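Protein chains in written order, with the numbering used here: chain D, 15 to 381; chain Z, 15 to 381.
2 protein chains.
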Amino acid sequence: MNRLQQALDALVERIDTPAPIILADVMQDNIDRMQALADRQGLDVRPHVKTHKCVEIGRRQLKAGAVGITAGNVGEAEVFAKAGFDDIFIAYPLWAAGTKGQRIRKLAETTRLRVGADNVAAIHALADAMEDDAGQLEIVVEIDCGARRSGAPPAAAGELAAAARRRGLVPAGVFTYPGHGSAGPEARERAAKDQEAALIVAVRSLAAVGITPEVVSAGSTPTVEFATNSVITEIRPGEYVFNDLNNARLGACTQDQIALFVAATVVSDQVPGQVILDIGTKAIGREGSSEIGFGAIAGTSAVLAKLNEYHGFLPLPGGVRPRVGTVVPVVPNHVCPVVVNFEEYVVTESSGTSLERWAVDARGFLN
Amino acid sequence: MNRLQQALDALVERIDTPAPIILADVMQDNIDRMQALADRQGLDVRPHVKTHKCVEIGRRQLKAGAVGITAGNVGEAEVFAKAGFDDIFIAYPLWAAGTKGQRIRKLAETTRLRVGADNVAAIHALADAMEDDAGQLEIVVEIDCGARRSGAPPAAAGELAAAARRRGLVPAGVFTYPGHGSAGPEARERAAKDQEAALIVAVRSLAAVGITPEVVSAGSTPTVEFATNSVITEIRPGEYVFNDLNNARLGACTQDQIALFVAATVVSDQVPGQVILDIGTKAIGREGSSEIGFGAIAGTSAVLAKLNEYHGFLPLPGGVRPRVGTVVPVVPNHVCPVVVNFEEYVVTESSGTSLERWAVDARGFLN
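Set out below in structure tokens:
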């Protein structure tokens, strides 16, 4: 991760901290590598934009070959639709009440829209919201493959898809999220196998009601290298675009493939054994633990031991301490909660010479 | 906390979830009660706006009698200065490099500006940034009173204030943050005593270099009821405006004094023993633990057991489960990280009849 420090040294005079820095060359390599992996496996890529929430990055993913984008809520989908993205899957079990129902209907008028559903009541609410335009909304049934979060049992997929069809909605297929693949390096392949097995059951269940799915959609950065096209048609990785320490620990990326860090300044050195950085939970989230810390200084073994809102506590062994004013690159454990804290990214490349600023367009659009 | 559910029931058709809801009457009571407490003790109130980041709420705090506001970084101060606030204390050990130094200078031209400093290097950097206008910037020396975060030893306050004076800056006084008062109900009074003892030492240290402080500034919502005006001149509470479960556990507020919750919808009921709410770390932060959970359903003993980015896991005992589509009020453990996730507050009162939207003006302004 020393390239992070090198890039930072080159641009430190031009930025105020804390600031999230993207190395665009590393990010582009991540995008291209994921696309090449999917191409080899005969799978479509539909990247999850929740990780970056940035129109410019979404455009680069499409340019590399992505078939469309995945969003986590209606607000994200609206921001990207307004920017011209015309093939959006909200991979979330939406509840279409009140004005949210109207927003979904309006979105479906301007873009090809797929949304998740895992229960019959939600399907009826979506159909009610669409009124006479149900045929404009594609339903992708969510099934659980072992993450035990949302998703119907795989064998119930056909029943739910048939319910959508009866209400005039378009049953487009099934999706699942193998979240249990993040439990450890050895969990990744097992979760991918669970995912495939569950999707096979779901596809059979769809066949039993006469539905051939147009899409069979799978996660995720940690499991994607084990996905095959036996039934899966597309993958929805998100974190791969930036990567982070959690993915490096899982073996889902190398440390050199981490494309985002947060630049932070040492602001206080008054308490022995530590320094304070200007990076707290409002900049990097509270992702981590006392064991692994809450973010690491790139190229070192030092980790943030504790966070307040605007203060990061960095313990220092053996009396070594960076001087007040030193700017260091902090690599997050989990990158997704970082980006929502900032107005914009500082974008450079490994040499640190260029500097652009890209808006975090969909930050704050949570509902 | 049943009033939260009642207010929510009255406005549920008019909002999309997740959304942060303020009960303006409860909030106003909190503002007035804090002001009355300070008035009784002969202390000024300088509320910390990091908690709400909202100009309208800052105005209400001033109207109730606050002498000015406290900010956590330059960006927050800029947003409030632009909105007309003219007495701002950035209670943070600022490092005034590059463009941040220029921003501090510009801010000091338009508002009465106090900033924190806890080391000589930072004082020199501030003076350098101010160039010939050092006299426009007031320095408040930060001392540590036991939180072991930032802050010089109390006896060093005079030396630092003298260094500021030598550079033409205005040594306005001292401040400290008794963060160790949040360790438990019994820690509050002890931390307040530590705070007072440390400030007495600091004031003596200032006297030794011939400086009579204009301000001796103390925290914080959990400790404020134990503050006296023996040396302290002002208090900087932040969380009291909304309150939260952590403050209720500490005994620093009652549950009925909690003025903010996040409305969330049950979106999935497919995994036995739990339901999923549309509230994850990107809405409520990861504040809590497996013991206390990550947020509570108001008026019940149910707590979120686990969070993903857009999913909250709510375990349900004995087979009881709210139906999909049910909207519930989720009370955060720690309110400050919630507000930065949203564009705007939904503002109502306990009856839930009115509905306004107030911008979270300073969200994202982190540096």
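Built from N, CA and C at the ideal position, the CB exists for glycine as well.
Computed from a prediction, not measured in an experiment: that's the story for all the values here.
Which residues in the same chain as residue i place their Cβ atom closer than 6 angstroms to its Cβ, once the five residues preceding and following it in sequence are excluded?
{"i": "V317 (chain D)", "result": "G307 and A310"}
{"i": "Y254 (chain Z)", "result": "N44, M48 and T235"}
{"i": "A175 (chain Z)", "result": "V155, P185, L220 and I225"}
{"i": "A262 (chain Z)", "result": "Q269"}
{"i": "V223 (chain D)", "result": "G172 and A176"}
{"i": "H62 (chain D)", "result": "T84, R250 and G252"}
{"i": "H325 (chain D)", "result": "I290 and G294"}
{"i": "K320 (chain Z)", "result": "F327"}
{"i": "R93 (chain D)", "result": "Correcting the residue type first, residue 93 (chain D) is Val in the shown sequence and not Arg. So the qualifying residues of the chain are D375, A376 and F379."}
{"i": "D132 (chain D)", "result": "P107, E156, S164, G165 and A166"}
{"i": "R362 (chain Z)", "result": "Residue identity differs from the one stated: residue 362 (chain Z) is Thr in this sequence, not Arg. Only A21, L25, S368 and L369 meet the Cβ criterion."}
So residue i contacts chain D; which residues on that side make the cut at Cβ distance below 7 angstroms?
{"i": "E27 (chain Z)", "result": "G112"}
{"i": "E370 (chain Z)", "result": "By Cβ distance, chain D contributes nothing, its closest Cβ being about 16 angstroms from E370 (chain Z), past 7 angstroms."}
{"i": "V317 (chain Z)", "result": "Those within 7 angstroms of V317 (chain Z) in chain D number zero; the least Cβ separation is about 17 angstroms."}
{"i": "N261 (chain Z)", "result": "Ordered by position in chain D, no residue passes the 7 angstroms Cβ test against N261 (chain Z), which lies about 15 angstroms from the chain."}
{"i": "A266 (chain Z)", "result": "What A266 (chain Z) touches in chain D: nothing, since even the nearest Cβ is about 17 angstroms away."}
What residues from chain D crowd round residue i, counting only those whose CB sits closer than 8 angstroms?
{"i": "E357 (chain Z)", "result": "G378 and F379"}
Suppose the cutoff is 8 angstroms on Cβ atoms and the five residues either side in sequence are ignored; what does the same chain contact list for residue i look like?
{"i": "N381 (chain Z)", "result": "N87, V88, G89 and K114"}
{"i": "E81 (chain D)", "result": "One point to set straight first is that residue 81 (chain D) is Val, not Glu, in the sequence displayed. The answer, listed in chain order, is D58, V59, R60, D101 and E248."}
{"i": "K296 (chain Z)", "result": "E323, Y324 and N355"}
Which bits of chain Z does residue i rub up against, with CB to CB less than 7 angstroms?
{"i": "T362 (chain D)", "result": "Those within 7 angstroms of T362 (chain D) in chain Z number zero; the least Cβ separation is about 16 angstroms."}
{"i": "A136 (chain D)", "result": "V338"}
Using only CA atoms, which one of the options lies nearest to residue i?
{"i": "E248 (chain D)", "options": "D:Q20, D:N322 and D:L51", "result": "D:L51"}
{"i": "A85 (chain Z)", "options": "Z:G130, Z:W109 and Z:Q55", "result": "Z:G130"}
{"i": "P329 (chain Z)", "options": "D:D101, D:R163 and D:G182", "result": "D:R163"}
{"i": "P344 (chain D)", "options": "D:F240, D:V245 and D:V352", "result": "Here the sequence assigns Val to residue 344 (chain D), which means Pro is not the residue at that position. Here the closest residue by C-alpha is D:V352."}
{"i": "A373 (chain D)", "options": "D:A97, D:E203, D:I293 and D:A110", "result": "D:A97"}
{"i": "G182 (chain Z)", "options": "Z:T190, Z:E203, Z:G149 and Z:S196", "result": "Z:G149"}
{"i": "S196 (chain Z)", "options": "Z:A171, Z:R218 and Z:C267", "result": "Z:C267"}
{"i": "D208 (chain D)", "options": "D:C159, D:G187, D:V238 and D:R202", "result": "D:C159"}
{"i": "D53 (chain Z)", "options": "Z:N243, Z:V217, Z:N257 and Z:Q20", "result": "Z:N243"}
{"i": "S368 (chain D)", "options": "D:D146, D:A33 and D:D39", "result": "D:D39"}
{"i": "L259 (chain D)", "options": "D:A201, D:V341, D:A232 and D:V349", "result": "D:V349"}
{"i": "R218 (chain Z)", "options": "Z:G187, Z:A232 and Z:L22", "result": "Z:G187"}
{"i": "D146 (chain Z)", "options": "Z:E92, Z:A122 and Z:S315", "result": "Z:A122"}
{"i": "N355 (chain Z)", "options": "D:L213, D:I298, D:G366 and D:N322", "result": "D:I298"}
Say whether chain D places a C-beta atom closer than 8 angstroms to the C-beta of residue i.
{"i": "V93 (chain Z)", "result": "no"}
{"i": "D208 (chain Z)", "result": "no"}
{"i": "T31 (chain Z)", "result": "yes"}
{"i": "V352 (chain Z)", "result": "no"}
{"i": "D132 (chain Z)", "result": "yes"}
{"i": "N385 (chain Z)", "result": "Nothing about residue 385 (chain Z) can be read from this structure; chain Z reaches only from 15 to 381."}
{"i": "A97 (chain Z)", "result": "no"}
{"i": "N322 (chain Z)", "result": "yes"}
{"i": "A143 (chain Z)", "result": "no"}
In chain D, what lies closer than 9 angstroms to residue i by C-beta?
{"i": "D146 (chain Z)", "result": "Result: empty, since nearest Cβ-Cβ is about 22 angstroms, beyond 9 angstroms."}
{"i": "N16 (chain Z)", "result": "Residues of chain D passing the Cβ test: none, with the nearest at roughly 22 angstroms."}
What residues of chain Z sit near residue i, judged by a beta carbon separation below 9 angstroms?
{"i": "E173 (chain D)", "result": "In chain order: nothing, as chain Z lies at least about 12 angstroms away."}
Nearest chain Z C-beta to residue i closer than 8 angstroms, yes or no?
{"i": "D158 (chain D)", "result": "yes"}
{"i": "A176 (chain D)", "result": "no"}
{"i": "P107 (chain D)", "result": "yes"}
{"i": "G195 (chain D)", "result": "no"}
Since residue i meets chain Z, which of its residues come closer than 8 angstroms, beta carbon to beta carbon?
{"i": "S164 (chain D)", "result": "V281, S282, Q284, V285, I290 and H325"}
{"i": "A139 (chain D)", "result": "G339"}
Leaving aside the five residues before and after residue i along the sequence, list all residues of the same chain whose C-beta is less than 7 angstroms from its C-beta, in chain order.
{"i": "A10 (chain Z)", "result": "Residue 10 (chain Z) is absent from the model: chain Z starts at 15 and stops at 381."}
{"i": "F275 (chain D)", "result": "L18, I35, A312, P343, V344 and V345"}
{"i": "Q288 (chain D)", "result": "F327, L328, P329 and L330"}
{"i": "Y106 (chain Z)", "result": "G86, N87 and G130"}
{"i": "A206 (chain Z)", "result": "P192, G195, T237, F240 and A241"}
{"i": "T124 (chain D)", "result": "A95"}
Quiz item: Looking at chain D, which residues of the stretch 228 to 259 of chain Z have a Cβ within less than 7 angstroms of any of its Cβ atoms?
Solution: Within the stretch 228 to 259 of chain Z, no residue qualifies.
Practice problem: Could you name the residues of the stretch 35 to 65 of chain D whose beta carbon sits closer than 8 angstroms to any beta carbon of chain Z, in the order they occur along the chain? | Solution: With the criterion set as a beta carbon lying under 8 angstroms from some beta carbon of chain Z, the members of the stretch 35 to 65 of chain D are K64, in sequence order.
Quiz item: When you check each C-beta in the stretch 277 to 310 of chain Z against every C-beta of chain D, which residues fall closer than 7 angstroms?
Solution: Per Cβ criterion, the list reads T279, V281, S282, D283, Q284, V285, I290, T295, K296, A297, G299, R300 and E301.
Quiz prompt | Within 9 angstroms of chain Z by C-beta, residues of the stretch 74 to 88 of chain D in sequence order | solution = Hits within the stretch, in order: G86, N87 and V88.
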